[in-house]
Amino acid sequence: MYAYKHAYCETHIGNSDSWDSDWGNSSGPFQGGDTNEASSILNKGNSYEVQFFNGTGQDWAGGHICLSRDEAYASDLSNDDFHNDNDDDRGEANDAISSHRWVNPDSNNCDRWAT
1 MYAYKHAYCE THIGNSDSWD SDWGNSSGPF QGGDTNEASS ILNKGNSYEV
51 QFFNGTGQDW AGGHICLSRD EAYASDLSND DFHNDNDDDR GEANDAISSH
101 RWVNPDSNNC DRWAT
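Oh and the sequence shown: position 40 is 40 in the UniProt record's numbering, straight run, nothing missing.
In structure tokens, the structure reads:
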């Protein structure tokens, strides 16, 4: 998974082949100023989906949006909104990602997709 500061995958922020429950702390593949900076995302993984969150912590709660391997990328997150399991709108995804995890496509964790 790759994240970029600007639309259309300009200015690489970071990448990860694992999860990171807080893009703003000092551990994990994303650190410090990486939180709330992504405007485009790329999934170059295997068959897993990447679930992105507007919150932090390993409870993986709050608003989320997903990117499947089949989709490959979302070039401009200003077109996408976070949602929770109750289908409530949780705000725009652009410059608002704070954590992510890889999920199995059969797990039903992903109900909203980045476009």
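Beta carbons are placed, not taken as given, at the ideal position from N, Cα and C, and that holds for glycine.
In this text, all values refer to a predicted model and were calculated from it rather than measured experimentally.
Can you tell me the Cβ-Cβ gap for residue i and residue j, rounded? I've got them flagged as a contact below 8 Å.
i	j	result
L42	Y73	4 Å
A38	D95	7 Å
G32	S26	7 Å
R90	N54	6 Å
R112	I65	5 Å
W23	F30	4 Å
Is it buried or exposed, residue i, if we count other Cβ atoms within 10 angstroms and call 16 or more buried?
i	result
H12	exposed
Q51	buried
T35	buried
A61	exposed
S99	buried
G57	exposed
Pick out whichever of the options has its Cα sitting closest to the Cα of residue i.
i	options	result
N108	Y48, T35, D17, N25	Y48
N79	G32, W23, E92	E92
K44	G57, H100, H6, S16	S16
T115	P105, S75, W102	S75
F82	C110, S68, E71, P105	C110
G104	D59, L67, L77	With the sequence shown as reference, residue 104 is identified as Asn, and Gly is not the correct amino acid for it. That would be L67, whose Cα lies nearest to the Cα of N104.
Quick one: does residue i have its CB under 8 Å from some CB of chain C?
i	result
E92	The structure shown contains no chain C; it holds only a single protein chain.
Ordered list of beta strand (DSSP E) runs contained in the segment 45–87, each at least 3 residues: 49–53, 64–67, 81–83
- request: Give, in chain order, every unbroken run of the beta strand (DSSP E) that is at least 3 residues long and sits entirely within the segment 11–43.
  value: 40–42
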